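**Student:** Residue numbers (our numbering), protein chains in the order written: chain A, 16 to 176; chain B, 471 to 916; chain C, 925 to 1193.
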Amino acid sequence: MNLSKILKNAFLIILASLVLTACATKKTSTTTGQIQGDTYTGTDTVKELAKGVPDRVFFATNETVLTTASRETLRKQAGWLRKNSDINVVLEGHADERGTREYNLALGERRANSAKDYLMTYGISSDRISVLSYGKERPVDSGSSPLAWSKNRRSVTVKAN
Amino acid sequence: MLLRYLFILLIVIPAKAFALIEVDITRGNLNPLPVAVSPLSIDNKSKENFKKILKKEDLGSEISVIVENNLRQSGLFNPLNKDAFLQEPDVANLKPRFEDWNLIKAQALVTGKVTFIDEKLRVEFRLWDVLAGKEMMALAFTTVPSNWRRVGHIITDKVYERLTGEKGYFDTRIIYIAEEGPKIKRIKKLAIMDQDGFNNKYLTLGNELVLTPRFSPTNQMVTYLSYFRNLPRVYLLDIETGMQEVVGDFPGMTFAPRFSPDGKKIIMSFAKDGNSDIYTMDLENRIVERITNHPSIDTSPSYSPDGKRITFNSDRSGYQQIYVMDSNGKNVKRISFGNGLYGTPVWSPRGDLIAFTKLHKGKFYIGVMRTDGTGERLLTENFYQEAPSWSPNGRVLIFYRETKTNSKGEGFSAKLWSIDLTGYNEKMVETETDASDPSWSSLLSN
Amino acid sequence: MNRNIFISFGLHIFLVIITAMSLPFLSKKPIDLPPIISVELIQITDKTNIPFAPKAKKIIEKVKEKEKKLVSEQAPPKKIKKQKPDAVPLPDEKIEKIKKIKDEKQNPEKVETEVKQISEFEKKELFDTNSIAALIDKSKTESAETNKKLDKVTQDQDKEMDFGGLTLSEEDALKAQIFGCWSIPLGLPFNEDLLVRIKLQLKPDGSIIKTEILDHARMNRPGQGFYKVLAESALRAIKLCQPLRVPSTGYERWKDMQLNFDAREMLEG
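1. Give the residues of chain A in contact with C/Ile-941, contact being defined as C-beta atoms less than 7 Å apart.
2. Among residues of its own chain, excluding the 5 on either side of B/Ser-909, which ones have a beta-carbon nearer than 6 Å to its beta-carbon?
3. I want to verify the contact list: residues of chain C whose CB lies under 7 Å from the CB of A/Ala-65, in sequence order.
4. Going along chain A in order, which residues have a C-beta closer than 9 Å to the C-beta of B/Met-795?
5. Just to check my reading of the structure: A/Thr-136 and B/Thr-814 have Cβ atoms closer than 8 Å, yes? What is that Cβ distance to the nearest angstrom?
6. With a threshold of 8 Å on Cβ separation, who are the neighbours of B/Glu-856 within its own chain once the five nearest residues in sequence on each side are excluded?
7. Less than 8 Å between CB atoms is the rule here; does A/Gly-52 satisfy it with respect to chain B?
8. Of the residues B/Arg-656, B/Ile-767 and B/Ala-884, which one's Cα is nearest the Cα of B/Ala-741?
9. Answer with buried or exposed for B/Lys-653, where buried requires no fewer than 16 other C-beta atoms within 10 angstroms of its C-beta.
10. Give me the DSSP bridge partner(s) of B/Ile-574.
11. B/Leu-601 and B/Val-580 - do their beta-carbons sit closer together than 8 Å?
12. For C/Ser-1043, count neighbouring C-beta atoms within 10 Å of its own C-beta (all shown protein chains included) and say buried if the count is 16 or more, exposed if not.
13. Suppose only complete runs of 4+ residues qualify. What are the alpha helix (DSSP H) ranges in the stretch 1089 to 1157 of chain C, listed by chain order?
14. Thinking C-alpha only, which one of C/Met-945, C/Met-1181 and C/Cys-1105 is nearest B/Ala-489?
15. Is the shortest distance between the beta-carbon of A/Leu-33 and the beta-carbons of chain C less than 8 Å?
16. What is the DSSP secondary structure of C/Tyr-1175, counted as helix, strand or coil?
17. Give the C-beta separation of B/Asn-863 and B/Gly-638 to the nearest angstrom, bearing in mind that I take them to be a contact with Cβ-Cβ under 8 Å.
18. Only counting runs of 4 or more residues, tell me where the alpha helix (DSSP H) segments fall wholly within the stretch 119 to 155 of chain A, in order along the chain.
19. I want to see whether chain B comes within less than 8 Å of C/Met-1190, judged by CB atoms only; does it?
20. Short of 6 Å in beta carbon distance, which residues of its chain neighbour C/Asn-1184, apart from the five on each side in sequence? Order them along the chain.
21. Using a Cβ cut-off of 8 Å, pull out every chain C residue sitting near A/Asn-17, in sequence order please.
22. Could you tell me the distance, in whole angstroms, from the CA atom of C/Thr-969 to the CA atom of B/Leu-591?
23. Inspect the CB distances between the stretch 528 to 540 of chain B and the stretch 613 to 622 of chain B and report whether three or more fall short of 8 Å.
24. Which class does B/Ala-825 belong to by DSSP, given the choice of helix, strand or coil?
25. Excluding the 5 residues preceding and the 5 following C/Met-945 in the sequence, name in chain order all residues of the same chain whose CB lies nearer than 7 Å to its CB.
26. Is the CB-CB distance between B/Lys-575 and B/Pro-504 below 8 Å?
27. Taking the straight line between their C-alpha atoms, what separation do you get for A/Asn-128 and B/Gly-744?
28. Considering Cα atoms alone, identify which of C/Gln-1101, C/Thr-1173, C/Ile-1162 and C/Pro-1113 is closest to C/Lys-1134.
29. Drop a sphere of 10 angstroms on the beta-carbon of B/Arg-847, count the other beta-carbons inside from all chains shown, and report buried for 16 or more, exposed for fewer.
30. Helix, strand or coil for A/Thr-47? Go by DSSP, reduced to three states.
31. Do we get a CB-CB distance below 8 Å when we pair A/Gly-78 with the residues of chain B?
32. I need the straight-line Cα distance from B/Ile-533 to B/Arg-786, nearest angstrom please.
33. Taking 8 Å as the limit between beta carbons, can you name the residues of its chain near A/Leu-22, skipping five residues before and five after?
34. Which same chain residues, not among the five before or five after B/Met-607, have their C-beta less than 6 Å away from its C-beta?
35. Considering only residues of the same chain and omitting the five flanking positions on each side of B/Ser-531, which have a CB-CB separation below 7 Å?
36. With 8 Å as the C-beta to C-beta threshold (strictly closer), list the residues of the stretch 754 to 788 of chain B near chain A in chain order.
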């Protein structure tokens, strides 16, 4: 191979490499909300049942399992419920809009039950906890983005009395 | 011996003629059939009477407009412009001058007459084959004047059936959820209307959330999900009286209700402790029967028209798929195997197909498949759409679509849409408010 | 951030160089490609118009070859009289048959096979033109073999070999015309038998004298309501398309015609 050809090839190689390098994706991190593993980890829509006791847990798409963060939240809720033994709660389960309506009703119910079961492992009596599903009927965020949807996939603990 | 030779002669001779030419015609056009709907002729006395009772100037013309619109909406017919009609309605009804109608390229002609007699509305109509120059059909019937719109729908059904071979679907109603308000706080009411959008009525006030209504086969009752007193349960509503009652006494959420084809049972899902299974309740003796017993979510059941099998939605395989089982819950078989999630299976009234919603790569599809799962066909794709419901002749699907909201969460709307089984004639169904969860009644007349 | 870019860049260069060195085309000379041969694509329609049954076709072809030999041996002109059914072929036929009969007398074996053929034929419907054609040709084969000497009679046989079908372009013209006129009812069930055959009698200018729907009984059978609708749509198409695009000559050929309307293709897709 002659020199010009070698130079030409080398140039092409370098150009290709540059193009490939530039394709790295940026990681977004906002201060208002975050998604980790498809589950919402922000505090935007979260209210408090009592000081330091978040009222809700979040779920990944189509999932009903509790994340570590969710379990942490529910542990705090259980503690608060033990301290206030006269309070009963309703766990409201929700789903995002990216699914069929009836299946989402069942999904919401399952999510709320996930949370209920976990609370019960901390000794909270099932008489004090009732479950209600709203499916996708009551979103907190009316947006049509993955972030909005992640905020809607939740189980919210509400005081019943 | 001679006879045999004579026989041979006889056989061989006719074949001397040229053999018959055969030409195969395998293509045509799928253009809507041009049809002329002449205004129904009406005598002056009847005209006056109807004007008094119904406040309609020319009932004969009004009824023909209903027929025209129905035929046009079906996508199979092209009703021609009345201004081009050469013959007057009263003459055309008795003996059409086919050359006149041929001139405007009509291939079929509807004529008729409406009279006010004995306080009742009497209509007779005829369907003519313009090209052949002969009558195809002639019918007459009587009803109360307030049913005048249904008269137009019934005429359409008969004409449609005679020209396509299929039963019509025009004398029907649609029950749906009328929606208003911001997405995070929607007000939902139970609503009912004629299939062409007229006679819209609200059946609930909007104080509690109502969802997924279904007609009974007798068209007298409706079943739906209501959050009355914050307890989501299946209810029954009598359309005539407005009476509502909760179905059964379940200690948990019941939802996704439908009627059995004989109208005697309600089939629905019951959710308890995180598990949703399918149950039936007999409306007469109130006996509850458990149909599925599986830790997965089982919902959206739909009976086959003969009542022997049920198709339903289950995530027992890990994701939402469509299954078919015997009506007693045995022989559960999965029938959806494509890529994506499947939901809302509905069995066609013809028994040959199951319509469904499919979600794949972020898009929603309305599709149909045969009852064994083969022949999957997707009819339409959208950002969000679901819940198809069949017209009573198993030809048209009505469903609903929601729009994407902008970055501020604004611009949300939900509307009813319909599409023909062939994928043609996709169009929006007009409603006063936003609408969702449509369900088609069976034919009101038989 | 910058460090990451440099590392990424370096690794990418490394990868690309490795790839480049192992790829043959970067180091070797370009290969000589063979010259491109142009191929002409000819459209051939699926079916050529053969009105006779396939079995008969084979026999016809066999006979045709034999006829060619025979004809070339013969001096007489290639003029082919158009044979009208009104003209009297009967006497000729009789002569031909008589010849055959004579032959049979001479060859008893032939008689046997003749007899066999007749009995086979008796089993079938009498007026099936296709089987009649097959029979003629079979019998012709025999008379051709036995009759080496040719005269006017065999020339008549030659004329009988004329199929009387439409040429491809004539057929296409007629088809195209009817395609435009036939409004296929969209409501037909696409998984049923959607074939309706209509026999036509035509005037020389292409207008219709008479139409006849074969399978007429099917129109009123329960559950076959769509067949009636389909048949009616086909009749409308024919009426709408009058006068039909018929060939300008050879009226005797096509004055009786059969149109086979099949909606399956349009509705299945």
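Beta carbons are placed, not taken as given, at the ideal position from N, Cα and C, and that holds for glycine.
On a predicted model such as this, the values are computed, not experimentally measured, just so you know.
**Tutor:** Let me spell this out:
1. Ile-28
2. Answer for B/Ser-909: Ile-645, Pro-683, Arg-684, Phe-685 and Ser-859, listed in chain order.
3. Chain C residues near A/Ala-65: none, gap ~43 Å exceeds 7 Å.
4. The premise fails here: B/Met-795 is roughly 17 Å from chain A at the closest Cβ pair, so nothing lies under 9 Å.
5. Not quite, the Cβ-Cβ distance comes to about 35 Å (not below 8 Å), so this is no contact.
6. The beta carbon of B/Glu-856 sits closer than 8 Å to the beta carbons of Gly-813, Thr-814, Thr-827, Phe-834, Ile-836, Phe-869 and Tyr-870 from its chain, once the five residues preceding and following it are set aside; these are given in chain order.
7. Chain B, which has no Cβ nearer than 8 Å to the Cβ of A/Gly-52, makes this no.
8. Measuring from the Cα of B/Ala-741, the nearest candidate turns out to be B/Ile-767.
9. buried
10. B/Ile-574 pairs with nothing; no bridge assigned.
11. no
12. Note on C/Ser-1043: pLDDT 37, under 50, position unreliable in the model; the coordinate value appears next. Per the 10 Å Cβ criterion, exposed.
13. 1092 to 1105
14. C/Met-1181
15. yes
16. Here C/Tyr-1175 sits in helix by DSSP.
17. Their Cβ separation, rounded to whole angstroms, is 7 Å, which keeps B/Asn-863 and B/Gly-638 in contact under 8 Å.
18. Unbroken alpha helix (DSSP H) runs of no fewer than 4 residues, entirely contained in the stretch 119 to 155 of chain A, are not found.
19. Judged by the 8 Å Cβ criterion, C/Met-1190 is in contact with chain B.
20. Residues of the same chain with a CB within less than 6 Å of the CB of C/Asn-1184, apart from the 5 flanking positions on each side, are Arg-1121 in chain order.
21. Those within 8 Å of A/Asn-17 in chain C number zero; the least Cβ separation is about 12 Å.
22. With a pLDDT of 49 at C/Thr-969, under the threshold of 50, the modelled position of that residue is not reliable, and no figure is offered here.
23. yes
24. In this structure, B/Ala-825 counts as strand in the three-state DSSP scheme.
25. none
26. yes
27. 5 Å
28. C/Ile-1162
29. Exposed, because fewer than 16 other Cβ atoms sit within 10 Å of the Cβ of B/Arg-847.
30. Low confidence applies here, because A/Thr-47 scores a pLDDT of 47, under 50, leaving its location unreliable and the question unanswered by this model.
31. Residue identity check: residue 78 of chain A is Glu in the sequence provided, not Gly. Not closer than 8 Å to any Cβ of chain B, the Cβ of A/Glu-78 fails to qualify, so no.
32. Between the C-alpha atoms of B/Ile-533 and B/Arg-786 there is a straight-line separation of about 52 Å.
33. Same-chain partners within the cutoff: there are none.
34. Leu-597 and Arg-632
35. Pro-509
36. Ile-767, Thr-769, Ser-770, Asn-783 and Asp-785
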